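Residue numbers (the numbering used here), protein chains in the order written: chain A, 65 to 354; chain B, 1007 to 1322.
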């Protein structure tokens, strides 16, 4: 195990920020992301007269925007992070980095921080540009709610960056990193809902006990998806409401909501997604031969 | 004091034994040539020294510090030119050096370092557009950050043209003159003989010879073959040359123009003077490297088979 030195982590983070911020893939994706946001705002402005009259513009905006950011942020984070360590291993530049006085732990922390900073920068720029359009087109919005969406989005982005860098540090090739990361994305974005429905079906067919605890457990597993945590936290910090039908049906089965199914606990889950993958990545990376 | 001490080092990758009980020492202040064909285990040794890979058995110490437990402290005191790596294509040379300077916490000037390796003209260009030789110069400049006590140069002449290779050797001499220890790996003898105080020849994970350049030359009884092109064939010239004490043989060549082939372990000028003393004009001359290149081949090729050795390149 190797120690952590702040100056090393900072040097690597600065280097990595400078490197990643010049990536065309990244800026292309960010631009696309921003265009979609602008499009949503445009559509909202066009059809939004009635909503505006009800004073719920920002609420609807947050709802629509989070519908885009929930899959878009993981995709950008994974595309930004898949090569973080595996790419340096393939090109050999990791030997430049690690022949300098850095520990492997410093390297992973520096990478997570550097890439998170790049992604946060793009989110801040994208949201700021979109805010201008929103203000002009809709004539004003709730800054606190919009800021809440940005803040939670940044935590969400850091969680996926942590996942991406961790996977990238565990495998030897970028191809393997890409395959695993894309599988993780598909798992949460497509299969997770199906798994919940499968659980529901198993209960109704009598394969799983139809008890309060079964529902609590299944729902808890479902809430482990970083995207679900993202949505849950958003309903906590903004007035946007959770409208997932399957989840509502499930929650309807519960007589009471235990703490681990409450919205605030989703923040704990999301923070675990920031810390745990990086910790595993550090532990494994410290043991391998480069 | 000892700069590098390798003690009973073994490294196994699956079924292949890349290093087999390797032991040697590099003294402080010396320029040590670490020579061997590709796959002999040079990179594996350097990787263990830098804690990129962990030994199966044995240990490496640098300035008395353990390569595994005190790796950070070791890397603070050394400069490394790694082999076969790409630089960060989106960063400029200046940014590369800023990274190394930041990492080592020194106050070196990027421009000054890049001037030393003759790359200052490309200081603000992205490294992605560099030639192999330019990347090599950039990494050499990074290795020089913080005036390291020990320089590890892994195949430093890769990608350099003859001029670049000469500048590289000059830099090695400058660093040695400053008091730095230089550990220089190569698979080409010619590159190390000009600058190294001592040479170790690695073959299939074992050190087969370790000595000064002169000592190695003597060990195989070689010398260099001098080819002297003359304006006319002359028996007198041949006799005169043969009479020189360091000359082991001298033969005439019926080429047009004619030439003399002289094997000598002594001075080339002595041979040329004798030829001229015979009234023959020297049109041209060249040294055929029968010297250390032959020594190298004598040690690294042939059928010295061992029980558990590997010939193929072992990469980590």
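Don't be surprised by glycine CBs; every beta carbon is placed ideally from N, CA and C. Quick caveat: nothing in here was measured; it's all calculated off a predicted structure.
How would you call residue 1309/B, buried or exposed, if buried means at least 16 neighbouring beta carbons within 10 angstroms? Unreliable placement is indicated for residue 1309/B, whose pLDDT of 39 sits below 50; no coordinate value is reported for it.
Chain-ordered chain A contacts of residue 1142/B [CB-CB under 8 Å]: Residues of chain A passing the Cβ test: none, with the nearest at roughly 12 Å.
So within the stretch 1230-1301 of chain B, which uninterrupted alpha helix (DSSP H) runs reach at least 4 residues, ignoring any that extend past its ends? The stretch 1230-1301 of chain B contains these whole alpha helix (DSSP H) runs: 1241-1248 and 1274-1283.
Measure the C-alpha to C-alpha separation of residue 1261/B and residue 1286/B and round it to an integer number of angstroms. Cα to Cα, residue 1261/B sits roughly 16 Å from residue 1286/B.
Under 8 Å between C-beta atoms, does residue 79/A make it to chain B? Contacts with chain B at 8 Å (Cβ-Cβ) include residue 79/A.
What are the boundary residues of the beta strand (DSSP E) that residue 1031/B is part of? First-last of the beta strand (DSSP E) with residue 1031/B: 1022-1033.
Smallest Cα separation from residue 213/A: which of 177/A, 128/A, 243/A and 157/A? Closest option to residue 213/A, judged by alpha-carbon separation, among 177/A, 128/A, 243/A and 157/A: 128/A.
Can you say whether residue 88/A is buried or exposed, counting buried as having 16 or more other CB atoms within 10 angstroms of its CB? With fewer than 16 other Cβ atoms within 10 Å, it is exposed.
What does residue 1097/B touch in chain A if you count any residue whose Cβ is under 7 Å from its own? For residue 1097/B, the neighbours in chain A by C-beta distance under 7 Å run, in chain order, 82 and 83.
Identity of the residues DSSP links to residue 1199/B by a beta bridge: For residue 1199/B, which the question treats as bridged, DSSP gives no partner whatsoever.
Taking the C-alpha atoms as reference points, what is the distance between residue 210/A and residue 1144/B? If I take the Cα positions, the gap works out to 46 Å.
Starting from the beta carbon of residue 1088/B, find every residue of chain A whose beta carbon is closer than 8 Å, and list them in chain order. Residues of chain A passing the Cβ test: 156, 159, 160 and 163.
Since residue 86/A meets chain B, which of its residues come closer than 7 Å, beta carbon to beta carbon? Residues of chain B passing the Cβ test: 1096.
Please say whether residue 156/A and residue 1123/B have beta carbons closer to each other than 8 Å? Residue 156/A sits away from residue 1123/B, with the two beta carbons spaced by 8 Å or more.
Helix, strand or coil: which one does DSSP assign to residue 233/A? Per DSSP, reduced to three states, the secondary structure at residue 233/A is helical.
CB-CB under 8 Å to residue 1079/B, same chain, minus the five flanking residues each way: which ones, in chain order? Correct list, in chain order: 1071.
Cβ neighbour criterion (16 or more within 10 Å) applied to residue 1026/B: With at least 16 other beta carbons inside 10 angstroms of its own, residue 1026/B counts as buried.
Can you name, in chain order, every residue of its own chain whose Cβ lies under 7 Å from the Cβ of residue 179/A, other than the five neighbours on each side? So the qualifying residues of the chain are 80, 84, 144, 145, 148, 225 and 229.
Counting only the same chain and skipping the five closest in sequence on each side, list residues whose C-beta sits under 6 Å from that of residue 303/A. 123.
Would you give the residue range spanned by the beta strand (DSSP E) that residue 1209/B belongs to? From DSSP, the beta strand (DSSP E) with residue 1209/B extends over 1204-1209.
Measuring straight from C-alpha to C-alpha, what distance separates residue 270/A and residue 278/A? Here the C-alpha atom of residue 270/A lies approximately 12 Å from the C-alpha atom of residue 278/A.
Are the stretch 1093-1113 of chain B and the stretch 1124-1143 of chain B touching, with three or more C-beta to C-beta distances below 8 Å? Taking a cut-off of 8 Å on C-beta distances, the stretch 1093-1113 of chain B touches the stretch 1124-1143 of chain B, as three or more cross pairs fall below it.
Can you tell which of 1180/B, 1154/B and 1141/B has its C-alpha closest to the C-alpha of residue 1167/B? Among 1180/B, 1154/B and 1141/B, the Cα nearest to that of residue 1167/B belongs to 1141/B.
Quick one: Cα of residue 1157/B to Cα of residue 1087/B, how far? Near 8 Å, if we compare the C-alpha coordinates of residue 1087/B and residue 1157/B.
Residue 101/A versus residue 1186/B - alpha carbon distance: Between the alpha carbons of residue 101/A and residue 1186/B lies a gap of roughly 58 Å.
Compute the minimum distance between the beta carbon of residue 1186/B and the heavy atoms of the ligand MN, and state whether it is under 7 Å. With respect to the ligand MN, the structure shown offers nothing to examine, as it has no ligands at all.
Leaving aside the five residues before and after residue 1152/B along the sequence, list all residues of the same chain whose C-beta is less than 6 Å from its C-beta, in chain order. By the criterion of a C-beta distance shorter than 6 Å, residue 1152/B is surrounded in its chain by 1110 and 1112, once the five residues flanking it on both sides are discounted.
Taking its Cβ as the centre, do 16 or more other Cβ atoms sit within 10 Å of residue 1184/B, making it buried, or is it exposed? Exposed, because fewer than 16 other Cβ atoms sit within 10 Å of the Cβ of residue 1184/B.
Between which two residues does the beta strand (DSSP E) containing residue 1017/B stretch? The continuous beta strand (DSSP E) containing residue 1017/B extends over residues 1008-1019.
Among 217/A, 300/A, 71/A and 67/A, nearest to residue 185/A - alpha-carbon criterion: When C-alpha distances from residue 185/A are compared across 217/A, 300/A, 71/A and 67/A, the shortest belongs to 217/A.
With 7 Å as the C-beta to C-beta threshold (strictly closer), list the residues of the stretch 1106-1129 of chain B near chain A in chain order. Cβ contacts with chain A: 1106, 1108, 1109, 1110 and 1111.
Contact belief for residue 1150/B with residue 1174/B at Cβ below 8 Å, rounded distance in angstroms: With a Cβ gap of about 12 Å, residue 1150/B and residue 1174/B do not count as contacting.
My parser needs the alpha helix (DSSP H) runs of 4 or more residues fully inside the stretch 251-308 of chain A; what are they? List check, alpha helix (DSSP H) in window: 256-268, 276-287 and 290-301.
Would you decide whether residue 161/A is buried or exposed? Buried here means 16 or more other CB atoms lie within 10 Å of its CB. Burial check for residue 161/A: the Cβ neighbour count within 10 Å reaches 16 or more, so the residue is buried.
Is there contact here, the stretch 321-332 of chain A with the stretch 251-270 of chain A, by at least three beta-carbon pairs under 8 Å? Result no; under three Cβ-Cβ pairs closer than 8 Å.
Does any CB atom of chain A fall closer than 8 Å to the CB of residue 1190/B? By the rule that beta-carbons nearer than 8 Å mark a contact, residue 1190/B does not touch chain A.
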